[in-house]
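Engineer:
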Amino acid sequence: MVARAGAQAPRQEKEDRPGVARLAVTRLTLSDFRCYADARLETDRRPVVLTGPNGAGKTNLLEAVSFLAPGRGLRRATLAEVRRREAGDGSAWAVNARLETPVGPVAIGTGSDPQAGEAGSRRLVRIDGQAAPSQAALGAHVTLAWLTPQMDRLFIEGASGRRRFLDRLVFGFQPDHAGALSAYEQAMRDRSRLLKDERDGGRRADPAWLAALEEQMAGNAVAIAAARKEVVGRLMAAGDEGTLSESPFPRATLAVEGTVEGWLDEMPALAAEERLKARLAEMRRVDAAAGGATEGPHRSDLAVRHRAKDMPAAQCSTGEQKALLIGIVLANARLLAAERGAAPLLLLDEVAAHLDRRRRAALFDEILALGTQAWLTGTDRELFAELGGRARFFGIEDARITALSD
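Residue 394 in this note's numbering sits at position 385 of the sequence shown; the count goes up by one each step and never skips.
1. Take G267 as the anchor and find which of A220, S256, A312 has the nearest alpha-carbon.
2. According to the neighbour-count rule (16 or more other Cβ atoms, all chains shown, within 10 Å of its Cβ), is E90 buried or exposed?
3. With a 10 Å radius around its C-beta and 16 neighbouring C-beta atoms as the bar for buried, classify T152 as buried or exposed.
4. Below 8 Å CB to CB, which residues in the same chain sit around R208 once its five sequence neighbours on both sides are set aside?
5. Classify A394 as buried or exposed, calling it buried when 16 or more other Cβ atoms lie within 10 Å of its own Cβ.
6. For the candidate residues V265, G228, M245, whose alpha-carbon lies nearest to that of A280?
7. Once DSSP output is grouped into helix, strand and coil, what is the label at I165?
8. Using 8 Å as the threshold, is the stretch 59-73 in touch with the stretch 371-388, meaning 3 or more CB pairs across them?
9. Which residues in the same chain as A146 place their Cβ atom closer than 7 Å to its Cβ, once the five residues preceding and following it in sequence are excluded?
10. At which residues does the beta strand (DSSP E) containing E266 begin and terminate?
11. Could you give the first and the last residue of the continuous alpha helix (DSSP H) run that contains H186?
12. Can you give me the start and stop residues for the alpha helix (DSSP H) that G424 sits inside?
13. Can you tell me which residues form a DSSP beta bridge with S143?
14. Is F258 closer than 8 Å to I335 when the C-beta atoms are compared?
15. To which residues of the same chain is R369 closer than 6 Å at the C-beta, ignoring the five residues directly before and after it?
16. May I have the straight-line CA-CA distance separating L285 from L175, to the nearest angstrom?
17. Just checking, does the stretch 108-119 make contact with the stretch 76-84 on the three C-beta pairs under 8 Å criterion?
18. Under 8 Å, do V265 and V231 count as touching if we go by C-beta distance?
19. Going by other Cβ atoms of all chains shown within 10 Å of its Cβ, with 16 needed for buried, is M226 buried or exposed?
20. E239 to R198, Cα distance in whole Å?
21. Helix, strand or coil, according to DSSP, for T60 in the structure here?
22. Using 8 Å as the threshold, is the stretch 341-353 in touch with the stretch 314-321, meaning 3 or more CB pairs across them?
23. Pull up the distance between the alpha-carbon of R288 and that of R177, whole angstroms please.
24. V269 to L392, Cα distance in whole Å?
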């Protein structure tokens with residue numbers, strides 16, 4: 010539960026732009042989630058700053074907020090991993106939130122199914138008290154993006170992290186993107202299982218069944234690739250329209266690299282779909298040996314270059330890579346604010362500690378100008394002093410939340 014700190018300085022008037030719609034969490038309640046047996050945090054539209062020592066539970070709160078959108082959250086944890094370790098066998102975790110949205114207040118509840126057994130492998134979602142058919146329904150209400158310390162190596166490690174980062178941005182514009190990814194991956198797994206069984210001496214796979222799965226893969230693959238390309242193009246344009254005249258966050262040149270994306274540059278979507286179906290049929294023997302599909306959007310990559318230097322992001326300094334990443338996230342937030350009427354929630358874990366004073370001030374200015382509710386964490390409250398009364402401050406220690414400001 011939230012405890013009250015001692016007497017505080019008079020509250021400063023918060024910044025708010027009349028007529029601007031907001032997406033904001035105003036109440037967050039946790040049960041058996043990570044280190045929290047029971048916790049509740051109430052806030053308003055302003056940015057939220059969480060400070061405290063390492064291991065206190067700050068990132069766990071960000072992770073809880075990340076479960077208000079489709080997906081596995083900012084740590085990509087399984088549902089069983091999220092449950093508090095001290096909770097009894099078979100117990101369920103839950104995250105409940107009250108949100109302001111451009112169309113009015115929304116109550117969201119999500120958590121593991123207590124009937125799913127020890128593995129807790131089924132996630133339940135309720136929106137305004139009604140059961141949702143799947144977590145994909147959350148995408149119609151909540152858009153968010155996050156940056157974590159683990160993403161500092163995003164540009165120098167494998168392509169899978171960059172794909173996930175891009176797909177998270179796409180979800181904000183096209184909630185159906187999550188469903189297309191899920192359907193594509195399920196069809197790909199089913200096809201791989203049939204090919205593996207045949208390779209290992211089992212029954213010969215039914216050609217009609219394989220063709221049906223490949224048709225599902227091709228249709229969803231083209232939809233996925235087209236959505237990624239469209240959002241990247243719009244992000245490039247938004248990156249040129251920064252709120253600050255001289256932003257210290259460098260512009261990025263973005264491109265999606267992949268076989269299907271290349272085809273879409275050369276031919277209509279239906280033609281690309283037919284070409285992928287034919288290619289999958291041709292590659293069955295190769296894919297059986299490889300243990301998976303060797304072509305498709307699951308192998309695409311997000312290419313990022315420092316525009317001013319015309320240099321791949323992987324060759325930039327660590328500080329430049331961090332600034333590029335922040336610049337992309339801010340461009341995404343600007344674009345969503347312009348097109349959907351409200352900026353996404355931003356979850357920024359330990360970001361301020363790795364920025365110099367100028368970039369910290371610029372980041373805070375961008376957040377406030379966008380009207381986004383950013384959730385920021387750090388060990389040193391002084392790093393956020395410039396926000397003053399324009400943010401809500403909470404102290405976190407030993408999984409206890411203390412309100413430090415009104």
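Just so it is clear, CB atoms sit at the ideal spot from N, CA and C, and this is done for glycine as well.
Structural biologist: Checking against the coordinates, here is how it stands:
1. A312
2. exposed
3. Under this definition T152 is a buried residue.
4. A297, A298
5. exposed
6. G228
7. coil
8. yes
9. V134, I136
10. 261-266
11. 185-208
12. In the structure displayed, the chain extends from 10 to 415; residue 424 sits before or after that span and is not available.
13. S143 has no beta-bridge partner at all, per DSSP.
14. yes
15. Contacts found: A361.
16. 22 Å
17. yes
18. no
19. It is buried - the Cβ of M226 has at least 16 other Cβ atoms within 10 Å.
20. 27 Å
21. strand
22. No: the two stretches stay apart, fewer than three of their Cβ pairs being nearer than 8 Å.
23. 28 Å
24. Rounded to the nearest whole angstrom, the C-alpha separation of V269 and L392 is 45 Å.
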